[in-house]
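Engineer: Quick one: structure below, then a few questions.
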Amino acid sequence: MSNPFDLTARIGVVPVIAIESVDHAIPLADALLEGGLPTAEITFRTEAAAEVLARLHEQRPELLLGAGTILSPEAARLAVQCGAAYGLAPGFDPAVVDAAQSAGLPFAPGIMTPSDISLAAAKGCRLMKFFPAAPAGGPSMLTNISAPFAHLGLRFIPTGGVKLETMGEWLSLPVIAAVGGTWIATARDMREGDWAGITTRARAAVARAKE
Ligand code: 3PG
């Protein structure tokens with residue numbers, strides 16, 4: 001299988017999902033796929049997340065599955081059991097990175113400062129989530145804090161306040177692998193069954209990522 005981070009970079013945008021019901025898993029996947037967006041970060045913020053990952057892994061193998069909000073070594077191991085291709089977290093926890101590496105899970109920890117980047121890079125991480133991207137200072141902040149690490153070839157996924165309207169500013173930075181955010185498919189969209197809206201937003205995001 002290709003490296004999931006390379007595939008993510010090729011797609012350019014990752015919908016961050018907080019899914020409340022296992023019944024939403026397949027309609028969500030189909031809405032994203034219909035919009036030309038073959039990836040999702042299913043976050044461990046809901047009780048349904050693990051089962052959703054397992055179901056998607058089994059029934060929609062064409063979807064590149066990330067497991068997000070991995071806050072413990074147990075969650076890293078669970079993500080692998082459920083078939084996630086890679087994992088992400090909002091912050092940097094060395095115990096979680098260790099668990100992900102031992103379990104063979106490509107992992108992008110969250111960073112927001114040069115110290116975070118330094119610690120994550122020392123652990124061998126090369127893809128990092130810049131979170132919360134907009135409140136932390138936007139593209140110029142990431143450009144500045146990542147500059148001293150340029151020789152390491154690090155790449156970042158900004159999330160937190162990234163929107164369709166601001167995707168382009170981020171994607172024009174050479175250090176960006178992809179952008180992420182919840183705006184494409186919110187818990188409310190799924191509760192209301194707005195699958196067509198999810199497809200429309202997915203399609204718009206994919207088009208913007210290709211520009
Ligand atoms: C994340 O975990 O990546 C964020 O919750 C996404 O933030 P957003 O809701 O501002 O897109």
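Residue numbers (UniProt numbering): 1 to 211.
Beta carbons: idealized from backbone N, C-alpha and C, even for Gly.
What is the rounded straight-line gap between the Cα of F130 and the Cα of E192?
Structural biologist: Going by the C-alpha atoms only, they are around 30 Å apart.
Engineer: On a Cα-Cα basis, can you pick out the residue from Q59, P73, A122, G160 that is closest to residue 229?
Structural biologist: Residue 229 lies beyond the stretch modelled for the chain, which goes from 1 to 211, so this question has no answer here.
Engineer: State the start and end residues of the unbroken beta strand (DSSP E) segment that holds F44.
Structural biologist: No beta strand (DSSP E) holds F44; DSSP gives it neither H nor E.
Engineer: Nearest by alpha-carbon distance to I70: which of Q81, L63, P61, G91 is it?
Structural biologist: G91
Engineer: At which residues does the beta strand (DSSP E) containing A67 begin and terminate?
Structural biologist: From DSSP, the beta strand (DSSP E) with A67 extends over 64 to 68.
Engineer: Since W183 contacts L164 with CB under 8 Å, what's their CB separation in whole angstroms?
Structural biologist: 7 Å
Engineer: The ligand 3PG: which residues have Cβ under 5 Å from any of its heavy atoms, chain order?
Structural biologist: V16, T159, G160, G161, G181, T182
Engineer: What does DSSP give as the partner residues of L173 in its beta bridges?
Structural biologist: Partner(s): none; L173 has no beta bridge.
Engineer: DSSP state of P4, grouped into three classes?
Structural biologist: helix
Engineer: According to the Cβ coordinates, are A29 and L63 closer than 8 Å?
Structural biologist: Note that the C-beta distance between A29 and L63 is below 8 Å.
Engineer: Rank K123, E169, G124 by C-alpha distance to the C-alpha of L142 and give the top, closest one.
Structural biologist: E169
Engineer: On the CB-based measure, 16 or more other CB atoms within 10 Å of its CB, does T186 come out buried or exposed?
Structural biologist: buried
Engineer: Along the chain, where does the beta strand (DSSP E) containing R203 start, and where does it finish?
Structural biologist: It is not in any beta strand (DSSP E) - R203 instead sits in the alpha helix (DSSP H) that spans 195 to 210.
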